[in-house]
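What follows is a single structure, written as structure tokens, with notes after it.
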Amino acid sequence: MPNLEVQGLIVEIQSPQGDGLSGEITLMGVVINKLKKIETELFDRDYILAIKAYQERLPVSCSGDLVKENNSFVLKNISNFKLLSL
1158 MPNLEVQGLI
1168 VEIQSPQGDG
1178 LSGEITLMGV
1188 VINKLKKIET
1198 ELFDRDYILA
1208 IKAYQERLPV
1218 SCSGDLVKEN
1228 NSFVLKNISN
1238 FKLLSL
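Going by the working numbering, the letters in the sequence shown line up with residues 1158 to 1243, in that order.
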């Protein structure tokens, strides 16, 4: 599903890769009217925001291309990653 907006809560953050500020995250979001785990990789500012959202249990929103890989949903080409206010 290209250019899909996803909203949800971050449920897992992998440790940063190498020296850079990037890593894989997992969020729980609604896909086709069902709550699903969605994996994605974030970089720099988006990764820092994801850590804050995870620590403070804040909802997030982002857009990207949702694909199914090995029974998992993966969001690629992420854009507009942001924290949502409660």
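Using N, Cα and C, we set each Cβ at its ideal position, and we do this for glycine too.
{"Query": "Enclosing alpha helix (DSSP H) for aspartate 1201 [first to last residue]", "Result": "1201 to 1213"}
{"Query": "Per DSSP, cross-strand counterpart(s) of glutamine 1164", "Result": "Ser1218"}
{"Query": "One or two residues paired with glycine 1180 in a DSSP bridge", "Result": "Leu1199"}
{"Query": "8 Å Cβ shell around phenylalanine 1230 - same chain, five flanking residues per side excluded", "Result": "Val1188, Lys1193, Lys1194, Ile1195, Glu1196, Leu1223 and Val1224"}
{"Query": "Sequence-distant residues of the same chain with beta carbon closer than 8 Å to serine 1220, five excluded per side", "Result": "Asn1160, Leu1161, Glu1162, Val1163, Ile1235, Ser1236 and Asn1237"}
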